[in-house]
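> Have a look at this one before I ask anything.
Chains as they are written, first to last, in UniProt numbering: chain A, 1 to 78; chain B, 1 to 317.
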């Protein structure tokens with residue numbers, strides 16, 4: 001199972017990102033675990049300064065904005 | 001072309017009188033909506049193709065470890081071409097602190113980034129002409145440079161929350177950007193969607209306010225009260241701008257309406273800067289990393305700087 005983390009201090013764009021991943025997973029019928037990380041120490045620990053960021057299985061795959069729909073689909077099913 | 005479109009809709013389709021208040025307001029609104037959104041999409045797309053936007057992570061890597069004046073120069077100029085979501089200001093602040101970048105330099109960056117951006121600059125050129133556009137950019141660079149210096153003089157380190165100093169930033173190899181033409185095109189389209197989606201409300205609101213001002217505020221009243229002879233009109237404009245917030249692009253139509261009605265140039269610039277760069281909600285986000293005295297000082301330094309810039313331009317003009 002894939003593990004996602006959405007990095008961000010609870011801003012709107014972070015919510016939108018988390019929702020997009022959940023939705024894409026449901027559409028693809030893939031089971032995922034998703035965690036929203038709001039702790040600054042942990043966010044910066046990933047080397048990310050511009051939120052929202054996305055971590056997939058421990059690796060930063062995106063930062064600095066809401067990801068595009070095709071990116072999200074690729075993470076979920078790729 | 002945009003003016004004709006405004007004429008066509010306001011006077012042709014709706015049958016309003018060109019000399020009436022509502023006619024003037026509607027004409028302005030239609031003209032500016034068309035002009036600004038066309039410019040917006042074009043500029044963001046071209047910038048996206050060139051991948052001209054920098055990420056804050058890269059700015060941090062450029063700036064760290066440089067002597068003070070160099071670091072400040074880079075923070076100011078890179079801040080102008082580095083957009084970031086205001087919700088990122090906290091991790092950004094911590095990341096800069098962790099890299100050992102002086103706080104004054106970080107403040108310079110935090111001032112420059114929302115105030116100047118390449119998208120707003122190009123639209124300024126399109127709407128108000130290159131002279132005013134360069135004045136605004138120059139004023140922004142000056143305020144960011146000296147605002148950061150002024151902050152530094154007050155030793156703001158003592159107001160930084162303790163936990164900030166303890167955070168260690170990790171290293172991450174970010175995914176290489178896709179630099180093929182197709183990749184660039186997709187990136188540019190994504191940027192257009194993301195940025196326009198984020199700021200269109202501000203822009204529409206700004207155009208609406210500009211249109212009302214253009215149509216309903218009598219020019220004679222403006223010249224008498226905002227023509228630049230009263231010393232207090234500049235600080236009043238700055239104060240008015242603090243609770244008001246709009247994206248830098250959204251203020252442009254308001255400035256356009258003010259200038260065509262005869263508001264003094266320094267007063268207009270002061271309001272623009274105050275609305276774009278000094279906003280209470282964004283200031284309050286920073287409370288997570290710095291304590292109240294630093295926040296109050298930051299707001300004061302900015303307000304004073306905008307006022308000085310406004311007076312300066314009113315004097316020259």
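Using N, Cα and C, we set each Cβ at its ideal position, and we do this for glycine too. For clarity, every value in this text was computed on a predicted model and none was experimentally measured.
Relative to the C-alpha of residue 188 of chain B, which residue among B:221, B:96, B:43 is closest?
Out of B:221, B:96, B:43, B:43 has the C-alpha closest to the C-alpha of residue 188 of chain B.
> What in chain B is Cβ-close to residue 43 of chain A, meaning under 8 Å?
Correct list: 91.
> What first and last residue would you give for the beta strand (DSSP E) that runs through residue 5 of chain A?
Note, residue 5 of chain A: beta strand (DSSP E), 2 to 7.
> Return the CA-CA distance between residue 67 of chain A and residue 77 of chain A, expressed in angstroms with no decimal places.
Each residue's alpha carbon lies about 15 Å from the other.
> Helix, strand or coil for residue 322 of chain B per DSSP?
Outside the displayed span of chain B (1 to 317) sits residue 322 of chain B, for which this structure offers no information.
> So if I threshold CB-CB distances at 8 Å, which residues from the segment 58 to 69 of chain B count as touching chain A?
Against chain A - using a Cβ distance shorter than 8 Å - the residues of the segment 58 to 69 of chain B are 60.
> Roughly how many angstroms lie between the CA atoms of residue 88 of chain B and residue 210 of chain B, to the nearest whole one?
Distance between the alpha carbons of residue 88 of chain B and residue 210 of chain B is about 30 Å.
> Determine the contact status of residue 295 of chain B and residue 280 of chain B, defining contact as a CB-CB distance below 7 Å.
For residue 295 of chain B and residue 280 of chain B, no; Cβs fall outside 7 Å.
> For residue 170 of chain B, which of A:44, A:21, A:31 has the nearest alpha-carbon?
Taking only the C-alpha atoms, the option nearest residue 170 of chain B is A:44.
> On the DSSP letters alone, give me the boundaries of the alpha helix (DSSP H) that residue 5 of chain B sits inside.
Looking at the DSSP string, the run of the alpha helix (DSSP H) that includes residue 5 of chain B is 2 to 7.
> Inspect the beta-carbon positions of residue 136 of chain B and residue 149 of chain B and report whether they are closer than 7 Å.
Result no, Cβ atoms of residue 136 of chain B and residue 149 of chain B do not sit closer than 7 Å.
> Taking the CB atoms as reference points, tell me whether residue 73 of chain A and residue 18 of chain A lie closer together than 7 Å.
Contact: no.
> What residue from B:19, B:30, B:22, B:20 has the CA that sits closest to residue 8 of chain B's CA?
Ranking B:19, B:30, B:22, B:20 by Cα distance to residue 8 of chain B puts B:30 first.
> Of all the alpha helix (DSSP H) runs that stay within the bounds of the segment 113 to 160 of chain B, which reach a length of 4 or more residues?
Those alpha helix (DSSP H) runs which fall completely within the segment 113 to 160 of chain B and span 4+ residues are 118 to 128, 130 to 153.
> By a C-beta neighbour count over all protein chains shown, 10 Å radius and 16 as the cutoff for buried, is residue 319 of chain B buried or exposed?
An answer regarding residue 319 of chain B cannot be provided, because it is not within the stretch 1 to 317 covered by chain B.
> What does DSSP give as the partner residue(s) for residue 53 of chain A in the beta ladder?
Beta-bridge pairing links residue 53 of chain A to A:7, A:63.
> What residues from chain A crowd round residue 94 of chain B, counting only those whose CB sits closer than 7 Å?
Under the 7 Å cutoff, chain A gives 40, 44.
> Exposed or buried, which one is residue 258 of chain B when buried takes at least 16 other CB atoms within 10 Å?
Classification of residue 258 of chain B: buried, given that the 10 Å Cβ count is 16 or more.
> Using a Cβ cut-off of 7 Å (strictly closer), state whether residue 1 of chain A contacts chain B.
False, the Cβ-Cβ gap to chain B never drops below 7 Å.
> Is there contact between the segment 133 to 147 of chain B and the segment 111 to 118 of chain B, where contact requires at least three CB pairs shorter than 8 Å?
Flag = yes, the segment 133 to 147 of chain B and the segment 111 to 118 of chain B touch.
> How is residue 16 of chain B classed by DSSP in three states: helix, strand or coil?
Residue 16 of chain B falls in the coil class under three-state DSSP.
> Does the beta-carbon of residue 82 of chain B have 16 or more other beta-carbons within 10 angstroms, so that it is buried, or is it exposed?
Residue 82 of chain B comes out buried.
> Give, in chain order, every unbroken run of the alpha helix (DSSP H) that is at least 4 residues long and sits entirely within the segment 28 to 72 of chain B.
Segments of the alpha helix (DSSP H) lying fully in the segment 28 to 72 of chain B: 56 to 63.
> For the structure I just gave you, are there three or more beta carbon pairs, one from the segment 217 to 234 of chain B and one from the segment 197 to 206 of chain B, closer than 8 Å?
The segment 217 to 234 of chain B vs the segment 197 to 206 of chain B: no contact.
> Take residue 101 of chain B as the anchor and find which of B:80, B:122, B:20, B:63 has the nearest alpha-carbon.
The shortest Cα separation from residue 101 of chain B among B:80, B:122, B:20, B:63 belongs to B:63.
> Taking residue 297 of chain B as the reference, which of B:115, B:21, B:152 has the closest Cα?
Residue B:152 is the option with its Cα nearest to residue 297 of chain B.
> Using a Cβ-Cβ distance cut-off of 7 Å, determine whether residue 171 of chain B contacts chain A.
Chain A, which has a Cβ nearer than 7 Å to the Cβ of residue 171 of chain B, makes this yes.
> Taking beta-carbon pairs under 9 Å, can you tell me which members of the segment 279 to 298 of chain B lie near chain A?
Result list: 285, 288, 289.
> Residues of chain B with a CB under 7 Å from the CB of residue 68 of chain A: which are they?
Those within 7 Å of residue 68 of chain A in chain B are 190.
> Run down chain D in chain order and give the residues with a C-beta less than 9 Å from the C-beta of residue 9 of chain A.
The structure shown has no chain D; the protein chains it does contain are A and B.
> Going by the beta-carbon positions, is the gap between residue 194 of chain B and residue 65 of chain A smaller than 7 Å?
In contact: residue 194 of chain B and residue 65 of chain A (Cβ atoms closer than 7 Å).
> Looking at the secondary structure, which residues open and close the beta strand (DSSP E) in which residue 30 of chain A lies?
First-last for residue 30 of chain A: undefined, no H or E at that position.
> Comparing the C-beta of residue 56 of chain B with each C-beta of chain A, is any distance below 7 Å?
With 7 Å as the cut-off, residue 56 of chain B counts as an interface residue toward chain A.
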